[in-house]
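Have a look at this one:
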């Protein structure tokens, strides 16, 4: 799953940031998407509290497999991945915990 690999890349970028915004790779289902999403560490930690939540660019959702939980207009959407792909994302997040003790 390419979005799970993107999540791991994004997790590694969090280490050592100072609270300013950080650019993350969009975690949408499009395997060739390389767009960036700018979020703060606090926003990242809020999103990652639930393992099958992901951050995507506005409009990069798949309504059949994802549910939009919130949107920061012009910046990003927080989605919840459902079904088998959501289970894979949650499993990977539990294997690589966030340094704060939360799932990645």
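Residue numbers (the numbering used here): 1010 to 1113.
For every residue, glycine included, the Cβ atom is placed at its ideal position computed from N, Cα and C.
Within the same chain, 1061, 1063, 1074, 1075, 1098 come within 7 Å of residue 1090 by CB-CB distance, once the 5 residues on both sides are set aside. Short of 6 Å from the beta carbon of residue 1030, and not among the five residues preceding or following it, lie these beta carbons of its own chain, in chain order: 1047, 1049. Annotation for residue 1032: the continuous beta strand (DSSP E) segment containing it runs 1031-1034. Take the alpha-carbon of residue 1032 and the one of residue 1072: they are about 25 Å apart.
Look at residue 1044 here: in three-state DSSP terms it is coil, with no helix or strand label.
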